[in-house]
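Its first residue numbered 7, the sequence shown is counted upward by one per residue in the working numbering.
Cβ coordinates follow ideal geometry from the N, Cα and C atoms, glycine included.
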Amino acid sequence: MGLPGRQRTPGALNFYGTGDRRSTTRQRTSTVLFAGHAAVFVANAAAYEQSVELAAQMRRAMASRAVIEQAEGIVMVNDGCTPAEAFNTLVAMSTRADVKLREVAQRLVDEARKRR
């Protein structure tokens, strides 16, 4: 029996019996009711996991953005350029080094801290 879901079937339940007896209407009704509750549980668990992952991604993105903005400021001071030009400089550095933008920015910030 498929677990009912809004957009897709989130899983399936298999019920087995013993002997030659057929299931009763009451048993089938209970099975359908149980499947509905199980589907809600499975959907909620999946939604929770997605929310946890999204929150973690947002935290990483915010941390990355802060470092990138700091590096932009360093480039702006050193090169006397606009924020957009500084960002483009960082992107070019990232592309040349074949390193993620966040890593290039972090290296630049770390180097600036060492020079203080």
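Your pair residue 44 and residue 19 checks out as a contact, with CB atoms roughly 6 Å apart and the cut at 8 Å. Excluding its 5 nearest sequence neighbours in each direction, residue 114 has C-beta neighbours in its own chain below 7 Å: 77 and 80, listed in chain order.
Closest in C-alpha terms to residue 110, from the list 122, 95 and 121, comes 95. Rounded to whole angstroms, the separation of the alpha carbons of residue 92 and residue 85 is 8 Å. Each residue's CA atom was taken as its position, placing residue 28 and residue 38 some 16 Å apart. Boundaries of the alpha helix (DSSP H) harbouring residue 114: 107-121, taken from the DSSP string. Per DSSP, the continuous alpha helix (DSSP H) segment holding residue 96 begins and ends at 89-103. For residue 73, the number of other beta carbons within 10 angstroms of its own is at least 16, and it is reported as buried.
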